[in-house]
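Visitor: The opening position of the sequence shown corresponds to residue 868 in my numbering, with each subsequent residue numbered one higher.
Would you mind keeping the following structure in view while I ask a few things?
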Amino acid sequence: RERREERGEWRDEGRGDSWRFSSQASILITGGLAGLGLLTARQLVARGARHLALLGRSGASEAAQAAIAEMEAAGAQIVVLQADVSQAADVARVLAQMAETMPPLRGVIHSAGVLDDATLLRQEWGKFARVMAPKVDGAWLLHTLTRDLPLDFFVLYSSTSALTGSPGQGNHAAANAFMDALAHARQAQGLPALSINWGVWSQIGSAAERQADAWVTAQGAGTIAPEQGMAILMELMAQTKAQVGVLPVDWGRYVRQFAQVPAWLSSLAAEGAKRKGAEMPRVEAQRSEETVETERPFPERPSILQQLADVPAQQRWELLLNHVSEQVVKVVGLESAQDVDPQLPLSDMGLDSLMAVELRNLLTTSLGLARNLPATLVFDYPTATALTDYLAGTILKLEMAAETAVAEDVEMVGETAVANMDDLLADIENLSDDEVDRLLADL
């Protein structure tokens, strides 16, 4: 099978690796001198593109120059254009220069973007403006200044943050959501458009630079390998949808971060698990004209709750203490629960402010609680014993034999809590801005 576009921008001679771009047309890639933009440029050259304009706010780095040299050795003409895509005069100048010196422009890939993360309390308009400039202003200028050109494709590199949210990235999510809407608006006007909500990439991009892989994996999502992502890009450019999200995900694990499965994820998560052939926490919806209810994402009671129900009352406290200690081990990095002294302040075992939030989250999830435990959990209950007493009595309301309940001396607990809180507050004062943002994002 072979399909040739009249303007010759690209042709489909089958599927997958057979995609070839025309050697008689130009393609503009914003943010093309680094990260995904540069990776995309190399992919297009490998698929036959021969005239690329790579736009960036600064000149090409040594790494970019090396990549450009490789593409030129493969027969491509690479033009480096220094410009700010959020400025109308710059974009107009770039398009005019391309019109004068290069073959007709037939494709635009907008990958430019910057991050300026902050939790809501620390967000300010300057941070929003900085992040929105390349995404919102840049995308809009590219749209308005090229809509009269016979483009074959107009691709916007968006982010899954616009779909699922991302801690500390409200400005980033909003900026990408604008590009998603623009893609739909262009298609409604009969113009080519595709917005791709990319997940986190491995080895490349801002998330890789910030070593976000571990956090993403902990949430049940995966990362996109460069080769995999470029193969997906070729597939998506062959279809007609205005917006597509690309996110490797283990749905069974992903939805467990929610006390209740979001309605918009319910059918998607179930279908994803079905394709994978893995067990999926039961997600059922009962729809009426007024309500939509979804079950919590746990197919069975959490094992610790079942164990607590099965053992004699006098053994429950010790069992719960062991569970708490196991969560401390995971967070602090100890060898086993035996290394946790139940009377020792957790801060003395290496637990810091960020770990305190992680411990709170682990206990909330492992106990199957519908709501998060208090953000001040470890401040208020600074030892494993105090935590266990609180969870057993206030949260789980376990029935236990009175003579087996363990209680610390009230005065000692008070003194320990105050000392431990002072340590943690002092630790907070020593946190960097990024660490404070992460801490606040999890509260």
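Where a beta carbon is used, it is the ideal one built from N, C-alpha and C, also for glycine.
Quick caveat, the model's predicted, so the values are computed rather than measured.
#1: Helix, strand or coil, according to DSSP, for R1163 in the structure here?
#2: Nearest to G1066 by alpha carbon, out of H1039, M1101, T1027 and L1103?
#3: Using only the alpha-carbon positions, how far apart do E1048 and L921 sit?
#4: Can you tell me the Cα-Cα spacing of L905 and A931, whole angstroms?
#5: Quick one: what's got a C-beta closer than 6 Å to E1225's C-beta in the same chain, skipping five residues either side?
#6: May I ask you to verify whether the region 925-942 touches the region 996-1012, counting CB pairs closer than 8 Å and requiring at least 3?
#7: Look at R1227 and L1213 and say whether their C-beta atoms are less than 8 Å apart.
#8: Please list, in chain order, all residues of the same chain as H1051 whose beta carbon is under 6 Å from its beta carbon, the five residues on each side excluded.
#9: So, at 6 Å on beta carbons, what are the nonlocal neighbours of G1281 in its own chain, with the 5 sequence-adjacent residues on each side left out?
#10: Okay, do the region 907-920 and the region 953-973 touch, 3+ Cβ pairs below 8 Å being the bar?
#11: Alpha carbon to alpha carbon, what distance is there between G1200 and G980?
#12: Under three-state DSSP, which class holds Q964?
#13: Out of curiosity, what's the CA-to-CA distance linking N1038 and E1266?
#14: List the DSSP bridge partners of G1112.
#15: DSSP beta-bridge partners for F1045?
#16: Take every Cβ of the region 1248-1258, pair it with every Cβ of the region 1184-1191, and state whether three or more of those distances are shorter than 8 Å.
#17: With G923 and Q949 assumed to form a contact (beta carbons below 8 Å), what rounded beta-carbon distance in angstroms separates them?
#18: Can you tell me where the beta strand (DSSP E) with I896 in it begins and where it stops?
#19: So P1001 and V952 are in contact, right, with Cβ under 8 Å, and what is the actual spacing, rounded?
#20: Tell me whether V998 sits in a helix, a strand or coil according to DSSP, three-state version.
#21: Under a three-way DSSP split, which group does E1157 fall into?
#22: Going by beta-carbon coordinates alone, are G1112 and L1030 separated by less than 8 Å?
#23: Taking only three categories from DSSP, how would you classify L1211?
#24: How long is the line joining the alpha carbons of T1271 and W1184, rounded to whole angstroms?
#25: Locate the alpha helix (DSSP H) running through Y1024, then write down its first and last residues.
#26: Can you tell me which residues form a DSSP beta bridge with V947?
#27: Can you give me the C-alpha to C-alpha distance between E991 and D984, rounded to a whole angstrom?
#28: Helix, strand or coil for V975, going by three-state DSSP, please let me know.
#29: Excluding the 5 residues preceding and the 5 following S925 in the sequence, name in chain order all residues of the same chain whose CB lies nearer than 8 Å to its CB.
#30: By the DSSP assignment, the alpha helix (DSSP H) with A930 in it spans what residues?
#31: Please state if the CB of I935 and the CB of L911 are separated by a distance shorter than 8 Å.
#32: Work out the CA separation of A1042 and Q1036 for me, nearest whole Å.
#33: Using CA atoms only, rank isn't needed, just tell me which of A940, A1092, V1116 and Y1024 is closest to T1084.
Guide: So, from the data block:
#1: The count along the sequence shown starts at 1 and reaches residue 1163 at position 296. Residue confidence for R1163 is low, a pLDDT of 37 falling below 50, so the modelled location carries little weight; the figure read from the coordinates is stated next. The answer is coil: DSSP assigns R1163 none of H, G, I, E or B.
#2: For the purposes of this step, residue 1066 is taken as residue 199 along the sequence shown, with counting starting at 1. For G1066, the nearest C-alpha among the options comes from T1027.
#3: Residue 1048 sits at position 181 when you count from the first residue of the sequence shown. Residue 921 sits at position 54 when you count from the first residue of the sequence shown. For the record, residue 1048 in the displayed sequence is Ala; it is not Glu. Whole-angstrom Cα-Cα distance: 25 Å.
#4: Working through the sequence shown from its first residue, we reach residue 905 at position 38. Working through the sequence shown from its first residue, we reach residue 931 at position 64. Going by the C-alpha atoms only, they are around 7 Å apart.
#5: Here residue 1225 refers to the residue found at position 358 of the sequence shown. Answer for E1225: V1198, listed in chain order.
#6: no
#7: Position 360 of the sequence shown, counted from the first residue, corresponds to residue 1227. Position 346 of the sequence shown, counted from the first residue, corresponds to residue 1213. No.
#8: For the purposes of this step, residue 1051 is taken as the residue at position 184 of the sequence shown. Same-chain partners within the cutoff: A1109.
#9: The sequence position of residue 1281 within the sequence shown is 414, counting from 1. At G1281, the pLDDT of 45 sits below 50, so the modelled position is not reliable and the matter cannot be decided from this model.
#10: yes
#11: Looking up residue 980 in the sequence shown gives position 113. Looking up residue 1200 in the sequence shown gives position 333. Answer to the nearest angstrom: the Cα atoms are 36 Å apart.
#12: Position 97 of the sequence shown holds residue 964. The answer is helix: DSSP assigns Q964 an H, G or I state.
#13: Translated into positions along the sequence shown, residue 1038 becomes position 171. Translated into positions along the sequence shown, residue 1266 becomes position 399. If I take the Cα positions, the gap works out to 48 Å.
#14: In the sequence shown, residue 1112 corresponds to position 245, counting from 1. DSSP lists N1064 as partners of G1112.
#15: Mapped onto the sequence shown, residue 1045 falls at position 178. Bridge partners of F1045: none, in fact.
#16: yes
#17: Residue 923 sits at position 56 when you count from the first residue of the sequence shown. Residue 949 sits at position 82 when you count from the first residue of the sequence shown. Sure, about 6 Å apart at Cβ, within 8 Å.
#18: Residue numbering aside, residue 896 sits at position 29 when the sequence shown is read from its first letter. Its beta strand (DSSP E) spans residues S893 to T897.
#19: Taking the sequence shown and counting its residues from 1, the one referred to as residue 1001 is at position 134. Taking the sequence shown and counting its residues from 1, the one referred to as residue 952 is at position 85. P1001 to V952, Cβ: 6 Å. Contact.
#20: Walking along the sequence shown from the start, residue 998 turns up at place 131. In the structure shown, V998 sits in a helix (DSSP, three-state: H, G or I).
#21: In the sequence shown, counting from the first residue as 1, residue 1157 sits at position 290. Any answer about E1157 is weak, because its pLDDT of 32 lies below 50 and its placement is not dependable; what the coordinates show is given next. Here E1157 sits in coil by DSSP.
#22: Taking the sequence shown and counting its residues from 1, one reaches residue 1112 at position 245. Taking the sequence shown and counting its residues from 1, one reaches residue 1030 at position 163. The answer is yes: Cβ separation under 8 Å.
#23: As a first step, residue 1211 is located in the sequence shown; it is residue number 344 there, counting from the start. Three-state DSSP puts L1211 in coil, outside helix and strand.
#24: On the sequence shown, residue 1271 is found 404 positions in, with the first residue counted as 1. On the sequence shown, residue 1184 is found 317 positions in, with the first residue counted as 1. Low per-residue confidence applies at T1271: pLDDT is 44, beneath 50, and the placement is therefore not dependable, though the value from the model is reported in the following sentence. The alpha-carbon atoms of T1271 and W1184 are separated by roughly 8 Å.
#25: As a first step, residue 1024 must be located in the sequence shown, where it is residue number 157. It is not in any alpha helix (DSSP H) - Y1024 instead sits in the beta strand (DSSP E) that spans F1020 to S1026.
#26: The residue labelled residue 947 in the question sits at position 80 within the sequence shown. BP columns for V947 point to L921.
#27: As a working mapping, residue 991 is identified with position 124 in the sequence shown. As a working mapping, residue 984 is identified with position 117 in the sequence shown. Their Cα atoms are separated by approximately 10 Å.
#28: Along the sequence shown, one-based indexing puts residue 975 at 108. The answer is strand: DSSP assigns V975 an E or B state.
#29: Indexing the sequence shown from 1 puts residue 925 at position 58. Result list for S925: L900 and Q949, in chain order.
#30: Translated into positions along the sequence shown, residue 930 becomes position 63. Residues E929 to A940.
#31: On the sequence shown, residue 911 is found 44 positions in, with the first residue counted as 1. On the sequence shown, residue 935 is found 68 positions in, with the first residue counted as 1. No; because the gap between Cβ atoms is not below 8 Å, this pair is not in contact.
#32: As a working mapping, residue 1036 is identified with position 169 in the sequence shown. As a working mapping, residue 1042 is identified with position 175 in the sequence shown. Near 10 Å, if we compare the C-alpha coordinates of A1042 and Q1036.
#33: The residue given as residue 1084 occupies position 217 in the sequence shown. Residue V1116 is the option with its Cα nearest to T1084.
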